[in-house]
Amino acid sequence: MGVSNIRVPDVGEGVAEVELVEWHVKPGDTVKEDDVLAAVMTDKATVEIPSLYTGTIVSLGAEIGETVAVGATLVTIEHGGEGGDVTAEIEVEPEQDTPAETAKPATASKPVPNPAVAAPASGSARAPRAEGVAPLASPAVRARARNAGIDLRQVAGSGPAGRITQGDLDAVFAAGPGGASTGGGKRQGSEDIRIIGLRRKIADRMALANSRIPHITVIEEIDVTALEDLRATMNQTRGDKPKLTMLPFVSATLCRALLTHPEMNAHFDDDAGVVTRHNPVHIGVATMTEGGLVVPVLRHAEALGPFATASEIARLAEAARTGKAKRDELSGSTITITSLGPLGALATTPIINHPEVAILGINKMAVRPMWDGQQFVPRKMMNISASFDHRVIDGWDAASFVALVKRLLENPAMIFMEVEA
Amino acid sequence: MKHESCKILIIGAGPGGYVCAIRAGQLGLDTIVVEEARAGGTCLNIGCIPSKALIHAAEEFHVAAHLAAGNDLGITTTAPAIDLRQTVAWKDGIVKRLTGGVGTLLKKARVRSIAGRAQIVDGKTVDVETADGPLRITTENLVIATGSHPQTIPALPFGGDILSSTEALSLDAVPARLAVVGGGYIGLEIGTAMAKLGAQVTVVEAAGRILPQYDAELTRPVMQRLEALGVTVLCNARAEGFETGHLVVATDDGPQKIAADKVLVTVGRAPVTQGFGLEDLGLTMTGRHLDVDDRCRTSMHGVYAIGDVTGDPMLAHRAMAQGTLVAEAVAGYRTNWDKRAIPAVCFTDPEIVTVGLLPEETPDSAVAMFPFAGNGRAMTLGRDDGFVRVVYDADTELVLGIQAVGAGVSELAGEFALALEMAATLTDIADTVHAHPTLGETVQEVAMKGLGRALHI
């Protein structure tokens with residue numbers, strides 16, 4: 002019987018520390034070799050760390066939300082092999098197709114209950130206890146509460162003499178932070194939810210983008226009636242090809258417009274004072290997942306036809322939503338499209354995906370009455386909201402770019418023509 | 007000077023220290039334990055274990071002597087004799103086996119045991135004078151588990167015929183006349199054993215009665231037994247000095263001289279806090295013991311204290327629990343001291359066990375008592391003196407304390423502690439089937455009595 006420490010592995014790409022986003026085990030748990038111990042978050046993706054041993058978890062090395070250095074002890078495990086001062090170092094290959102490296106945004110968004118606000122179970126037999134009064138519970142119940150960070154003084158006991166049972170604790174866990182609704186009365190207390198994992202990454206990136214990039218947002222309305230007709234026609238005759246949404250056309254439009262406005266397909270390294278214009282168009286497609294916003298990248302959009310684009314976007318979105326997107330599918334975009342789909346509102350203020358310099362937001366399409374010079378006619382209208390890094394993009398260029406996008410979308414044949422737009 | 011470093015360094019390999027070290031080793035912590043004497047501390051070497059060995063031998067002798075006289079069992083035997091030197095050798099063999107076992111356990115847990123006297127340099131550094139020369143140990147966490155030593159009284163300094171418990175457990179021969187100063191559990195345990203071995207024992211207690219930490223109801227059977235064994239108990243009496251062959255005692259009725267070949271002084275134990283550099287750390291003290299919080303942390307970061315050095319109750323099992331707690335705390339466990347019950351056992355004759363609250367400590371509660379006179383097993387053992395008592399909340403039936411006095415009741419301590427720790431009610435105990443015929447049935451009966459449905463009384 003030995004005891005070993007499993008340390009945070011080198012996850013590659015020079016990452017020196019990771020954020021602990023989820024525990025799959027707790028002290029006392031029995032694990033088998035290769036069982037997942039924990040999930041840690043690198044720059045983009047979540048990495049699951051498997052156990053090297055079959056054994057019993059002795060202690061955990063960090064709390065959820067903590068940043069842990071590569072090489073730090075993740076768990077201490079008691080197992081049948083040689084232990085003691087043996088220290089295990091596990092290797093998680095940074096290759097994209099290892100199952101160990103999967104994005105798991107869904108797990109990252111679980112709120113972490115603040116122990117201080119763990120709620121009493123409803124239907125309690127006794128009022129919670131005062132300060133200094135030891136709650137009645139067996140050692141096993143107390144240990145479970147202690148490990149979960151629950152203050153048993155706040156838990157009502159349904160057992161004899163007000164003893165807190167495992168069932169009472171189950172009720173606390175089931176009620177979650179805030180507890181079950183009692184209806185009607187004034188609500189008390191508050192709930193602290195730590196911003197961890199993917200949400201923290203999003204928060205950090207948004208804060209970075211918004212604090213460093215002076216945004217200029219241009220909003221324009223587009224008559225997409227012709228585009229919608231074209232889309233409907235193409236969908237009718239698509240055969241077994243994927244159904245076309247608006248996105249492949251917007252993607253094609255961007256690629257086309259970027260030929261005239263290469264300054265929009267760029268990264269701005271503001272520390273170095275260098276704008277890098279990119280020839281390939283790698284479009285970030287902002288995608289909502291259960292865990293929050295992720296931005297899979299449609300690589301070389303300029304080389305893809307509408308159906309290929311539709312197919313690839315569908316694949317990427319699925320990968321992002323199921324947490325299976327690989328790291329290079331989540332990085333390297335040169336310009337970004339964001340869309341709220343049917344929730345798209347009239348106008349939005351897209352935040353630029355740092356270090357890019359432009360982002361195109363697509364708003365909700367609606368049939369609106371438009372004046373054609375003689376009468377109001379129903380037209381399919383859609384607003385776009387495009388933001389630019391005003392440090393390197395002038396308002397004139399921004400407006401000119403948006404005008405070109407409008408012209409292309411309203412005259413969709415031009416998107417696909419070889420002529421100068 | 008040689009140098010070593012570790013994650014956790016424990017000074018003292020008594021029950022607190024060695025348990026802390028083993029648990030730390032189990033948890034994979036790089037652990038060193040420093041002990042100047044043999045592993046096992048007071049408990050194994052000069053306390054619990056040797057005293058129980060002596061008590062057992064004395065009881066065996068006493069039973070044999072009883073059987074040599076006329077008895078109800080129909081047994082005939084001849085008067086026994088005792089070679090106390092051989093008894094002590096037998097006792098030492100047990101101690102040796104146990105202390106050796108501790109060494110093996112420490113090794114198995116990959117703990118580095120260092121023999122020598124520790125001298126604290128600072129909260130992270132300890133020097134040890136070893137057989138191989140001086141050694142400096144740097145540690146991330148320091149655990150002070152230095153235990154306690156017998157308290158002295160100026161009028162009776164240890165030496166010669168003035169014995170501490172340590173010497174009393176290694177006598178060559180049974181003293182003809184033994185005076186015991188202090189009517190606490192240590193004095194009574196050894197005094198009773200000596201009385202059973204044939205010594206004429208006088209107990210001198212400054213308070214109004216023996217075992218003053220217990221109530222008179224609990225101590226009455228012990229008093230009766232002492233009387234039957236021919237032990238003289240002088241209460242409200244203060245020992246003032248020893249002149250060859252006589253202990254001088256001040257009583258309310260004036261000074262008395264008690265004939266005594268040996269005087270055993272057992273007036274308590276004092277924490278060992280001096281002489282190894284602890285003073286320089288300037289840790290917060292409460293009275294003469296180290297102040298610790300619910301994780302056994304002292305006032306200095308990274309310095310812990312466990313066992314007798316942290317004060318009452320000075321019990322080996324409390325030290326062991328604290329040792330486990332500290333090891334787990336250092337290993338990163340979320341843990342704290344939240345025990346509801348620390349059983350206390352007094353190995354007098356009859357034995358006394360207490361867990362939780364005494365009746366006088368919770369006057370609003372209810373009390374039920376069941377005598378061993380109503381227990382078949384007690385009768386078959388020829389010892390139906392004593393009782394089991396439960397203190398409980400009359401409204402909720404919650405058990406607040408359990409006490410017992412009777413022959414062999416020390417073995418019930420676990421059940422009592424479990425009941426308290428589990429927050430048991432009278433119904434929980436009454437509805438638990440207890441084996442028949444055992445002394446433990448009285449525990450079920452006392453609970454039923456509290457519920458108004460005792461069967462055998």
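Going down the list, the sequences are from chains A and B. The numbers in the numbering used here rise by one with no breaks, and the one at position 68 of the first sequence is 69. The numbers in the numbering used here rise by one with no breaks, and the one at position 336 of the second sequence is 342. Each residue gets a CB set at the ideal place from its N, CA and C atoms; glycine is no exception.
*asked:* If we define contact as Cβ-Cβ less than 9 Å, is Arg346/B a contact residue for chain A?
replied: Walking along the second sequence from the start, residue 346/B turns up at place 340. Judged by the 9 Å Cβ criterion, Arg346/B is in contact with chain A.
*Find out if the Cβ-Cβ distance for the pair Thr238/B, Asp355/B is shorter than 9 Å.*
Taking the first residue of the second sequence as position 1, residue 238/B is located at position 232. Taking the first residue of the second sequence as position 1, residue 355/B is located at position 349. Not a contact, by the Cβ cut-off of 9 Å.
*What does DSSP give as the partner residues of Leu289/B in its beta bridges?*
As a position in the second sequence, residue 289/B is number 283, starting the count at 1. Note: Leu289/B sits in no beta bridge, so no partner.
*DSSP puts Cys12/B in a beta bridge; with which residues?*
In the second sequence, the residue the question calls residue 12/B occupies position 6. The partner list for Cys12/B (beta bridge, DSSP) reads Thr145/B.
*Taking buried to mean at least 16 other C-beta atoms within 10 Å of its own C-beta, is Ala120/A buried or exposed?*
On the first sequence, residue 120/A is found 119 positions in, with the first residue counted as 1. Caution is warranted here: a pLDDT of 38 is assigned to Ala120/A, below 50, making its placement in the model unreliable, and the coordinate value is therefore given only provisionally. Result: buried.
*Mind pulling the chain A residues with CB within less than 7 Å of Thr433/B?*
Against the second sequence, residue 433/B aligns to sequence position 427. Within chain A, the residues near Thr433/B are Pro161.
_Rounded straight-line distance, which links the Cα of Val59/A to that of Pro377/B_ = The count along the second sequence starts at 1 and reaches residue 377/B at position 371. The count along the first sequence starts at 1 and reaches residue 59/A at position 58. When rounded, the distance between both Cα atoms is 46 Å.
*Asp390/A: first and last residue of the uninterrupted beta strand (DSSP E) it sits in*: One-based indexing of the first sequence puts residue 390/A at position 389. Taken as a continuous stretch (DSSP letters only), the beta strand (DSSP E) holding Asp390/A covers 377-390.
_Per DSSP, the bridge partner or partners of Asp133/B_ = On the second sequence, position 127 is the one that residue 133/B refers to. The partner list for Asp133/B (beta bridge, DSSP) reads Gln125/B, Arg142/B.
_Distance CB(His279/A)-CB(Phe389/A) smaller than 9 Å_ = Within the first sequence, numbered from 1, the residue matching residue 279/A stands at position 278. Within the first sequence, numbered from 1, the residue matching residue 389/A stands at position 388. Contact flag unset, no.
*Given that Gly62/A touches chain C, what residues does it touch there, using C-beta distances under 7 Å?*
The structure shown contains no chain C; its protein chains are A and B.
*Are the C-beta atoms of Gly34/B and some chain A residue less than 9 Å apart?*
For this step, residue 34/B is matched to residue 28 along the second sequence. True, the Cβ-Cβ gap to chain A drops below 9 Å.
*Output the distance between the C-alpha atoms of Ala322/B and Val411/B, rounded to the nearest integer angstrom.*
Translated into the one-based positions of the second sequence, residue 322/B becomes position 316. Translated into the one-based positions of the second sequence, residue 411/B becomes position 405. Ala322/B and Val411/B: Cα-Cα distance of roughly 21 Å.
*If the cut is a Cβ gap below 8 Å, which residues of chain B does Ser5/A touch?*
Walking along the first sequence from the start, residue 5/A turns up at place 4. Within chain B, the residues near Ser5/A are Gly34.
_For Gly22/B and Ala327/B, I'd like the C-alpha separation in whole angstroms._
Residue mapping note: residue 22/B aligns to position 16 of the second sequence, counting from 1. Residue mapping note: residue 327/B aligns to position 321 of the second sequence, counting from 1. C-alpha separation (whole angstroms): 7 Å.
_Extent of the continuous alpha helix (DSSP H) to which Ala222/B belongs_ = Taking the first residue of the second sequence as 1, we reach residue 222/B at position 216. Taken as a continuous stretch (DSSP letters only), the alpha helix (DSSP H) holding Ala222/B covers 222-234.
*chain A contacts from the segment 392-404 of chain B (Cβ-Cβ distance under 8 Å)*: Asp399, Thr402, Glu403, Leu404
*Within the 9 Å Cβ cut-off, does Glu10/B reach chain A?*
What you label residue 10/B is simply residue 4 of the second sequence in a count that begins at 1. So no, Glu10/B is outside the interface.
*Across which residues does DSSP place Phe376/B in a beta bridge pair?*
What you label residue 376/B is simply residue 370 of the second sequence in a count that begins at 1. Paired residues: Val394/B.
*Short check: CB of Ala311/A to CB of Lys244/A, under 9 Å?*
Here residue 311/A corresponds to residue number 310 of the first sequence, with the count starting at 1. Here residue 244/A corresponds to residue number 243 of the first sequence, with the count starting at 1. Yes, they are a contact pair.
*Within the same chain, show all residues whose beta-carbon is closer than 6 Å to that of Ala30/B, passing over the 5 residues directly before and after it, in chain order.*
Locating residue 30/B in the second sequence gives position 24, counting from the first residue. Cβ neighbours of Ala30/B beyond the five flanking positions: Ile14, Thr37, Ala333.
*Could you name the residues of chain A that Met428/B contacts, counting a contact when the two beta carbons are closer than 7 Å?*
Walking along the second sequence from the start, residue 428/B turns up at place 422. Those within 7 Å of Met428/B in chain A are Ser139.
*Please confirm whether Ala350/B and Val359/B have their CB atoms less than 9 Å apart.*
Position 344 of the second sequence holds residue 350/B. Position 353 of the second sequence holds residue 359/B. Going by C-beta atoms, Ala350/B is nearer than 9 Å to Val359/B.
*Where Glu222/A and Lys407/A are concerned, what is the direct C-alpha to C-alpha distance, given to the nearest angstrom?*
Along the first sequence, read from residue 1 onward, the residue named residue 222/A stands at position 221. Along the first sequence, read from residue 1 onward, the residue named residue 407/A stands at position 406. Cα-Cα distance, rounded: 8 Å.
*Measure the C-alpha to C-alpha separation of Val180/B and Leu203/B and round it to an integer number of angstroms.*
Looking up residue 180/B in the second sequence gives position 174. Looking up residue 203/B in the second sequence gives position 197. For Val180/B and Leu203/B, the distance between alpha carbons rounds to 7 Å.
*Which term fits Gly388/B, buried or exposed, when burial requires 16 or more other beta carbons within 10 angstroms of its beta carbon?*
Residue numbering aside, residue 388/B sits at position 382 when the second sequence is read from its first letter. With fewer than 16 other Cβ atoms within 10 Å, it is exposed.
*What alpha helix (DSSP H) runs, 4 residues minimum, are completely inside the segment 293-372 of chain A?*
307-322
*Whether Phe422/B touches Gly362/B by CB criterion (9 Å)*: Here residue 422/B refers to the residue found at position 416 of the second sequence. Here residue 362/B refers to the residue found at position 356 of the second sequence. Cβ distance < 9 Å, so Phe422/B and Gly362/B count as in contact.
*Cβ neighbours of Arg275/B in the same chain (closer than 7 Å, five flanking residues each side left out)*: Position 269 of the second sequence, counted from the first residue, corresponds to residue 275/B. Counting only Cβ-Cβ distances below 7 Å, and skipping sequence neighbours, we find Ser154, His155, Pro156, Gln157, Asp314, Met320.
_Between Leu162/B and Val187/B, how many whole angstroms is the CB-CB distance? I'm expecting something under 8 Å._
For the purposes of this step, residue 162/B is taken as the residue at position 156 of the second sequence. For the purposes of this step, residue 187/B is taken as the residue at position 181 of the second sequence. Indeed they touch by this definition, with Cβ atoms about 6 Å apart.
*Ala227/A (DSSP reduced to helix, strand or coil)*: By one-based count along the first sequence, residue 227/A stands at place 226. Looking at Ala227/A - three-state DSSP - the assignment turns out to be helix.
*asked:* By the three-class DSSP mapping on this structure, what secondary structure does Arg183/B have?
replied: Taking the second sequence and counting its residues from 1, the one referred to as residue 183/B is at position 177. In the structure shown, Arg183/B sits in a strand (DSSP, three-state: E or B).
*From the beta carbon of Val59/A, is the nearest beta carbon of chain B less than 9 Å away?*
As a working note, residue 59/A is residue 58 in the first sequence. For Val59/A, the answer is yes, since a Cβ of chain B falls inside 9 Å of its Cβ.
*Please list the residues of the segment 162-173 of chain A that have a C-beta atom closer than 9 Å to any C-beta atom in chain B, keeping them in chain order.*
Ala162, Gly163, Arg164, Ile165
*Which residues in chain B sit within 8 Å of Thr55/A, going by Cβ to Cβ distance?*
Here the question's residue 55/A lines up with position 54 in the first sequence. Residues of chain B passing the Cβ test: none, with the nearest at roughly 16 Å.
*Measure how close the beta-carbons of Ile150/B and Ala45/B come, nearest whole angstrom, since I'm counting them as under 8 Å.*
Along the second sequence, read from residue 1 onward, the residue named residue 150/B stands at position 144. Along the second sequence, read from residue 1 onward, the residue named residue 45/B stands at position 39. Wrong, their Cβ atoms sit about 17 Å apart, outside the cutoff.
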